[in-house]
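Residues in the sequence shown are numbered from 342 upward in steps of one, following this note's numbering. For glycine and all other residues, C-beta sits at the position ideal for the given N, C-alpha and C. For clarity, every value in this text was computed on a predicted model and none was experimentally measured. First up is the structure itself, then whatever we jot down about it.
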Amino acid sequence: MTPALPPAWPERAAWGTAPSLRAWQQAAMEKYFSEQPRDFLAVATPGAGKTTFALSVAAELLGRRLIDRVTVVAPTEHLKTQWAQAAERAGIPIDPTYAAGKGRTSQDYVGIAVTYAGVAVNPLAMRIRTERFKTLVILDEVHHAGDALSWGEGVREAFEPAARRLALTGTPFRSDVNPIPFVSYAPGPDGIPRSAADFTYGYSH
342 MTPALPPAWP ERAAWGTAPS LRAWQQAAME KYFSEQPRDF LAVATPGAGK
392 TTFALSVAAE LLGRRLIDRV TVVAPTEHLK TQWAQAAERA GIPIDPTYAA
442 GKGRTSQDYV GIAVTYAGVA VNPLAMRIRT ERFKTLVILD EVHHAGDALS
492 WGEGVREAFE PAARRLALTG TPFRSDVNPI PFVSYAPGPD GIPRSAADFT
542 YGYSH
């Protein structure tokens, strides 16, 4: 049984009416929902509010029943806990204690928060979970998926079946590191391919 999304978040911050969204978040939401992409990369400067943007997307997708689960992947244990706390405030209960292969989470949770290293330990278990539900995967600071070859490979195996994937980063990144799945690249002015964002805020082009 799919847990019901608590009403507080959609009522308080539905993106079409929420005064709390910054202009760039509003514009990014409009682009996202006009295109309905399976993969979307948002690049925004640190502190710009990427977490709020991603949780707004998640709430809207849950409200429209386009997804029924959320998985957040973060670089560190501390950050995954911060994501769970922010999601809780947004009315999207996420379990930050989940470990791949431990089985089902409580029905009280709509999603889980894990680290890239944790995904790499048992990507098959994460894939099975991803396949069981219509899952939105939020890849926070996705450039860290290139920190180790196994991390990128784990992300690809675990989340290839996801209904939606939303990648976030505070900096454009080059392709000459370990390949990062679900990210498109385009040649930069120096001819070196760099991540091609679907929405960019705070960087000159």
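I'd like to know whether the C-beta atoms of H484 and Y457 end up nearer to each other than 7 Å. no
Pull up the distance between the alpha-carbon of V496 and that of R363, whole angstroms please. 30 Å
Could you check whether the Cβ of Y457 sits closer than 6 Å to any heavy atom belonging to the ligand HEM? Ligands in the displayed structure: none, and consequently the ligand HEM is not present.
Strictly by DSSP, which residues pair up with R534? Just to set this straight, residue 534 is Pro in the shown sequence, not Arg. Paired residues: P528.
Whole-angstrom distance between D481 and E429, CA atom to CA atom: Distance between the alpha carbons of E429 and D481 is about 17 Å.
Which parts of the region 433–518 are runs of the beta strand (DSSP E), unbroken and 3 residues or longer, counting only runs that do not cross its ends? 452–456, 476–480 and 505–510
Is A431 helix, strand or coil by DSSP? coil
Within its chain, find whatever has a CB closer than 6 Å to the CB of W365; leave out the 5 residues flanking it on each side and keep chain order. Y542
Three CB pairs or more closer than 8 Å across the region 394–402 and the region 496–511: yes
Under 7 Å between C-beta atoms of F500 and D409: no
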